[in-house]
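Chemist:
Residue numbers (this note's numbering): 67 to 270.
1. Quick check: what's the CA-CA separation for residue 345 versus residue 255?
2. Using the Cβ count rule (16 or more neighbours within 10 Å means buried), how would you classify residue 169?
3. Identify the residues that DSSP records as bridge partners of residue 169: which are they?
4. Could you say which of 267, 268, 263, 103 lies nearest to residue 129 if we only look at CA atoms?
5. For the region 137-147 against the region 156-168, do three or more pairs of beta-carbon atoms, one drawn from each stretch, fall closer than 8 Å, so that the two count as touching?
6. Alpha carbon to alpha carbon, how far is residue 190 from residue 141? Give it in angstroms, no decimals.
7. Please name the residue in 212, 199, 203 whose C-alpha comes closest to that of residue 225.
8. Rank 126, 118, 104, 114 by C-alpha distance to the C-alpha of residue 260 and give the top, closest one.
9. Reducing DSSP to helix, strand and coil, say where residue 226 ends up.
10. Taking the C-alpha atoms as reference points, what is the distance between residue 219 and residue 103?
11. How big is the Cα-Cα spacing for residue 156 and residue 147?
12. Restricting to Cα atoms, I'd like to know which of 266, 249, 232 is closest to residue 213.
13. Which partner residues of residue 123 appear in the DSSP bridge assignment?
14. May I ask which residues mark the beginning and end of the beta strand (DSSP E) holding residue 206?
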């Protein structure tokens, strides 16, 4: 006999909803826990290299900011070294975590990272990549996190040699991966999910 399950309702279609913030950034969600959220601070002391701020928004197909997005970044330090046990090329900056997590501002949707400008990292074949920051984005309606990269518009020579950027078939879309300097030490990087100027995303 088939069991009647009419009393069980379908869960909401909001795949991330408030849960991603409660679980990943509880302090932003209003829960005072752990003395701060993981990834909220990337510079834990005097760091090497140029200190920078990255600001941006995740925009939908109409150009409106997503106010419930959460963004994570992973990057090398100023010398191009990762703070990872797998790093064999040298010792990374002990005052730099390399990992950041930011929930978008609930009003403007803006994310902010206080970090350092990364150094160049070798590609598997030895060629140097341009300075870049890896991004991961989740929000309502995004079933699987989106991966992209942020490069720096003021690193034109390095960008022209980068083994990833030079592989992109539609070179006119590279601009969607470039952070523009707004003032000394401040870069803006908006991520567009759809429509005109859609950001390039990577299948990782």
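Idealized CB from N, CA, C, for every residue including glycine.
Quantities reported herein were computed from a predicted structural model and do not represent experimental measurements.
Modeler: Checking against the coordinates, here is how it stands:
1. Residue 345 lies beyond the stretch modelled for the chain, which goes from 67 to 270, so this question has no answer here.
2. With 16 or more other CB atoms across the displayed protein chains lying within 10 angstroms of its CB, residue 169 is buried.
3. DSSP output for residue 169 lists 136 as bridge partner(s).
4. Taking only the C-alpha atoms, the option nearest residue 129 is 263.
5. Because the criterion of three Cβ pairs below 8 Å is met, the region 137-147 and the region 156-168 touch.
6. Rounded to the nearest angstrom, the two C-alpha atoms are 16 Å apart.
7. Checked all of 212, 199, 203; the closest Cα to residue 225 is 199.
8. If we check each option's Cα against that of residue 260, 126 comes out closest.
9. Taken through DSSP and simplified to helix, strand or coil, residue 226 comes out as helix.
10. The alpha-carbon atoms of residue 219 and residue 103 are separated by roughly 30 Å.
11. Roughly 7 Å separates the two Cα atoms.
12. For the residues 266, 249, 232, the minimum Cα distance to residue 213 belongs to 266.
13. DSSP lists 176 as the beta-bridge partner residues of residue 123.
14. Careful: residue 206 lies outside any beta strand (DSSP E) and carries neither H nor E.
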